[in-house]
Amino acid sequence: MKKGICLGCLPGNLTEENRFKLAKDAGFDGVELHGADDDDTVKRQKDLADKAGVEIPSIMGHLHWQFPLSSPDPEVRKKCFDGFATSLRHAAMVGADTVLCVPAVVSPDVTYEEAYERSQAEIRELAKVAEEHRVALAIENVWNKFLLSPLEFKQYIDEVGSPFVKAYFDCGNICLYGYPQQWIRTLGGRLAKMHVKGFSGYPNVGFPQTLKSDVPWAACREAWQALGYDDYLIVEIGARPDDPEQSIREYSQELDAIIAGEL
């Protein structure tokens, strides 16, 4: 398996070059980029990644919360669509094979049914762009009040009917309302990438800045091993303010322990 970390989780007090260097020095194989509107940004980041000796496995979509594909406004949906199309093109430019996608946001003004129908229609069209670039558009489970069971999540992907629409599974996000090991098994071969983060259950619900938490890592490991999943596990935990660089090294060590079955 390969170890990754989100670029946005690396210490913001470092130069961009030193953030990539820290990822390499801490033992990560790759750095997930945040979506960008311009080509120059991703070209620069690709050069820095190459210089540091790390891969770019994926790009995180950057407009899907502010301008969701489930919006009733077609102009809003188009803005999000165009953002994903750009990220898919950028992924191909830098050698990444996955773009993370939040498909919809259910709200008081957008019903579940509307979110389902609108977003799926947009994703069917985005699947053509993904296929053109040979990059997976991977749907992530987030706290968007949408796709709340593994069966529904699987169905949503399958109904799109494209091998380039997959799942980006977050082992920490799901712990509020599900068991990650069950989701991993149900999603199976649809998995493109996985985010890892800590999760604390009741009464202190949240995301601690450590992987040592209430996430059942041993059960997750058993599930992904049963599937033969050997792609990236990507840390999505911000650097701790007290010792940001050391915290990144600790996340890497904790991920080593998870992969080895020691956590």
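Each residue of the sequence shown is one higher than the last, beginning at -2 in the numbering used here.
We put the beta carbon where it would ideally sit given N, CA and C, even for glycine.
> Using the rule of at least 16 other Cβ atoms within 10 Å of the residue's Cβ for burial, across every protein chain shown, is residue 140 buried or exposed?
Replying inline: Residue numbering aside, residue 140 sits at position 143 when the sequence shown is read from its first letter. Classification of residue 140: exposed, given that the 10 Å Cβ count is below 16.
>> Check whether the region 181 to 190 and the region 201 to 213 touch, using three or more Cβ-Cβ pairs below 8 Å as the test.
In response: no
> From what residue to what residue does the alpha helix (DSSP H) around residue 154 run?
Replying inline: By one-based count along the sequence shown, residue 154 stands at place 157. DSSP places residue 154 in the uninterrupted alpha helix (DSSP H) bounded by 147 to 157.
> Which residues share a DSSP beta bridge with residue 226?
Replying inline: Counting from 1 along the sequence shown, the entry for residue 226 is found at position 229. DSSP output for residue 226 lists no bridge partner at all.
>> With the cut-off set at 9 Å, would you say residue 116 and residue 67 are in Cβ contact?
In response: Translated into the one-based positions of the sequence shown, residue 116 becomes position 119. Translated into the one-based positions of the sequence shown, residue 67 becomes position 70. Contact flag set, yes.
>> Which same chain residues end up closer than 6 Å to residue 237 when comparing Cβ atoms and leaving out the 5 residues on each side of it in sequence?
In response: On the sequence shown, residue 237 is found 240 positions in, with the first residue counted as 1. So the list reads 206 and 244, once near-sequence residues are dropped.
> In this structure, what does DSSP give as the bridge partners for residue 28?
Replying inline: Within the sequence shown, residue 28 is the residue found at index 31, counting from 1. BP columns for residue 28 point to 2.
> Can you tell me whether residue 174 is buried or exposed, with buried defined as 16 or more other CB within 10 angstroms of its CB?
Replying inline: Numbered from 1 along the sequence shown, position 177 holds the residue referred to as residue 174. That one is exposed.
> Going by the CB atoms, is the gap between residue 30 and residue 56 shorter than 9 Å?
Replying inline: Stepping through the sequence shown from its first residue, residue 56 is reached at position 59. Stepping through the sequence shown from its first residue, residue 30 is reached at position 33. Result yes, Cβ atoms of residue 56 and residue 30 sit closer than 9 Å.
> What span of residues does the beta strand (DSSP E) with residue 166 cover, start to end?
Replying inline: Looking up residue 166 in the sequence shown gives position 169. Element bounds for residue 166: 162 to 167.
>> Rounding to the nearest angstrom, what Cα-Cα distance links residue 198 and residue 166 in this structure?
In response: Walking along the sequence shown from the start, residue 198 turns up at place 201. Walking along the sequence shown from the start, residue 166 turns up at place 169. Answer to the nearest angstrom: the Cα atoms are 19 Å apart.
> Relative to the C-alpha of residue 69, which residue among 114, 194, 240 and 20 is closest?
Replying inline: Sequence index remark: in the sequence shown, residue 69 carries index 72 (1-based). When 114, 194, 240 and 20 are compared, the shortest CA-CA separation from residue 69 is found for 114.
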